[in-house]
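Undergrad: Before I ask anything, here is the structure I am working with.
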Amino acid sequence: MPSNASRRTILAACTAIATSTVGGCLEALTGRSESDSLRKLTLRLSHRDGSLRERHVVDLDETRIPWDEAAFAAALDGESYTTTTRKPFFASDRPKYVKHDGTYYELGSVVVNEATHVHPVLRLETVGRTSEMNSVPDHVSRSELPEEDRQAVHVAYMAARARGNEGGVPWGLVERGGYVYRNEDAVENSRLLGDSGPSHVEYRDRIYAVEVTREEFREPVYRATVEPVTENETAVETILRARLVDAYVDRGDLSAEAQSVLRKARRDGGYAESHPYSAAFETVLRELDRRAYLDGNVESDAGVAPNERRLVRYDGRYFDYRLEFGEADA
């Protein structure tokens, strides 16, 4: 027979195991963990003035964009207009429309081929802070460089700053650990890319060693597309709403508390709560159709992008909104 002390030890261990198991099961069943109470979810809401048409439609009869217009004219005439290194019309995930001779057209592009190009790549390596160096190497200051070089130095600086350290890197700008020159005019006018270019550059009181390589890129070939949509400006607004608006919310359908959440979300800093959320905040999240923040783990569920900017039509007006997690107040 075990002693009373041994029996108490065994019972305590079993209780701990049972508690741990139940806690794990509850977390698995609810999708929530203790860490949920240690962070807050912030809703930020900002009003968009005017119509969607005013923001997303360019009138080519009033605004002349030379190479955009060339792509538009060629596609309108049934001719092939192709580009590499960039999409025609600077097309993005958001639709872009133009009005020309009373007709609204949607601009876009399709990939029709692949091309191989060689582009210069600028990378920077940190040498040291100017105030702490016994001998500062010959260098050029970023402020003395042409505009594209200044942009390249800034992007390459962000890559150099993050190299070997924790922290974010703007990968949409940083490529291959630096900055890729794709504009031919910028390459021709650059002071950094030539054989006689500077070996070092100064930026934000630090000296960086300049490294330039020429590397091969395989890139898509885009063909501009122009699709007639309508001649009616009211119809264009309806089309844009269908394309862009993620949720429709009627003030009259909300409680006073839920209306207060949306009102506070428009202030600087937005509106924030820690989990478990109030009934009013849960109502707002459901009205915005952001149920992943209620019914699952938004940071690991597939198809859910935290911090993504979205559009809601609230009480007849357009608002951009964003949801993001942050540390809860102590």
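One point on numbering: in our numbering, the residue at position 246 of the sequence shown is 232, and numbering is uninterrupted.
Heads up, the beta-carbon is just placed ideally off N, CA and C, and yes, glycines get one too.
Leaving out the 5 sequence neighbours to the left and right, which residues in its chain are closer than 8 angstroms to Glu268 when beta-carbon positions are compared?
TA: Taking the sequence shown and counting its residues from 1, the one referred to as residue 268 is at position 282. Closer than 8 angstroms at Cβ, skipping near neighbours: Leu280.
Undergrad: Going by other Cβ atoms of all chains shown within 10 Å of its Cβ, with 16 needed for buried, is His103 buried or exposed?
TA: Stepping through the sequence shown from its first residue, residue 103 is reached at position 117. Looking at its Cβ environment, which holds fewer than 16 other Cβ atoms inside 10 Å, His103 is exposed.
Undergrad: Taking the straight line between their C-alpha atoms, what separation do you get for Tyr208 and Thr71?
TA: By 1-based counting over the sequence shown, the position of residue 208 is 222. By 1-based counting over the sequence shown, the position of residue 71 is 85. C-alpha separation (whole angstroms): 9 angstroms.
Undergrad: Go ahead and label Ser264 buried or exposed: buried means 16 or more other beta carbons lie within 10 angstroms of its beta carbon, across all protein chains shown.
TA: As a working note, residue 264 is residue 278 in the sequence shown. Flag for Ser264 reads exposed.
Undergrad: If you draw a straight line from the alpha carbon of Gly255 to that of Ser185, how long is it in whole angstroms?
TA: Here residue 255 corresponds to residue number 269 of the sequence shown, with the count starting at 1. Here residue 185 corresponds to residue number 199 of the sequence shown, with the count starting at 1. For Gly255 and Ser185, the distance between alpha carbons rounds to 44 angstroms.
Undergrad: Could you have a look at His261 and say whether DSSP puts it in helix, strand or coil?
TA: As a position in the sequence shown, residue 261 is number 275, starting the count at 1. The answer is coil: DSSP assigns His261 none of H, G, I, E or B.
Undergrad: Quick one: grab the DSSP three-state call for Thr220.
TA: To locate residue 220, count along the sequence shown from 1; it is residue 234. In this structure, Thr220 counts as helix in the three-state DSSP scheme.
Undergrad: When we look at the beta-carbon of Gly164 and count the other beta-carbons within 10 Å, is it buried (16 or more) or exposed?
TA: By one-based count along the sequence shown, residue 164 stands at place 178. Buried is the call here.
Undergrad: Quick one, which of Lys82, Tyr234 and His86 has its alpha-carbon nearest Glu48's?
TA: The count along the sequence shown starts at 1 and reaches residue 48 at position 62. Among Lys82, Tyr234 and His86, the Cα nearest to that of Glu48 belongs to His86.
Undergrad: Rounded to the nearest angstrom, how far is the Cβ of Val43 from that of Val84, given a contact under 8 angstroms?
TA: Your numbering for residue 43 matches position 57 in the sequence shown. Your numbering for residue 84 matches position 98 in the sequence shown. With 8 angstroms as the limit, Val43 and Val84 qualify as a contact, their Cβ atoms being about 7 angstroms apart.
Undergrad: How far does the alpha helix (DSSP H) with His125 in it reach, from first residue to last?
TA: Here the question's residue 125 lines up with position 139 in the sequence shown. His125 -> no alpha helix (DSSP H), and no H or E assigned at all.
Undergrad: If you run the structure through DSSP and keep just helix, strand and coil, what is Arg177?
TA: Looking up residue 177 in the sequence shown gives position 191. Residue state, collapsed to three classes: coil.
Undergrad: Would you check if the distance between the CB atom of Leu62 and the CB atom of Glu55 is smaller than 8 angstroms?
TA: Working through the sequence shown from its first residue, we reach residue 62 at position 76. Working through the sequence shown from its first residue, we reach residue 55 at position 69. For Leu62 and Glu55, no; Cβs fall outside 8 angstroms.
Undergrad: Relative to the C-alpha of Arg162, which candidate in Thr116, Val141 and Asn218 has its C-alpha closest?
TA: Start at 1 with the first residue of the sequence shown, and residue 162 comes out as number 176. That would be Val141, whose Cα lies nearest to the Cα of Arg162.
Undergrad: For Val187, count neighbouring Cβ atoms within 10 angstroms of its own Cβ and tell me buried if that reaches 16, exposed if not.
TA: Counting from 1 along the sequence shown, the entry for residue 187 is found at position 201. By the 16-neighbour rule on beta-carbons within 10 angstroms, Val187 is buried.
Undergrad: What do you get for Glu133, buried or exposed, if any count of 16 or more other CB atoms within 10 angstroms of its CB means buried?
TA: In the sequence shown, counting from the first residue as 1, residue 133 sits at position 147. By the neighbour-count rule (16 or more Cβ atoms within 10 Å), Glu133 is not buried but exposed.
Undergrad: Are three or more beta carbon pairs between the region 246 to 253 and the region 31 to 38 nearer than 8 angstroms?
TA: Verdict: yes, contact present.
Undergrad: Please look up how many angstroms separate the CB atoms of Pro214 and Tyr91, rounded, as I've assumed it's under 8 angstroms.
TA: Numbered from 1 along the sequence shown, position 228 holds the residue referred to as residue 214. Numbered from 1 along the sequence shown, position 105 holds the residue referred to as residue 91. The Cβ separation is near 6 angstroms, so the contact holds.
Undergrad: Are the CB atoms of Lys26 and Ala258 nearer to each other than 8 angstroms?
TA: On the sequence shown, position 40 is the one that residue 26 refers to. On the sequence shown, position 272 is the one that residue 258 refers to. Cβ atoms of Lys26 and Ala258: closer than 8 angstroms.
Undergrad: Taking Val212 as the reference, give the member of Ser37, Arg41 and Pro81 with the closest Cα.
TA: As a first step, residue 212 is located in the sequence shown; it is residue number 226 there, counting from the start. Of the listed residues, the one whose Cα sits closest to Val212 is Pro81.
Undergrad: If you draw a straight line from the alpha carbon of Ser127 to that of Glu174, how long is it in whole angstroms?
TA: Numbered from its first residue, the sequence shown carries residue 127 at position 141. Numbered from its first residue, the sequence shown carries residue 174 at position 188. Rounded to the nearest angstrom, the two C-alpha atoms are 19 angstroms apart.
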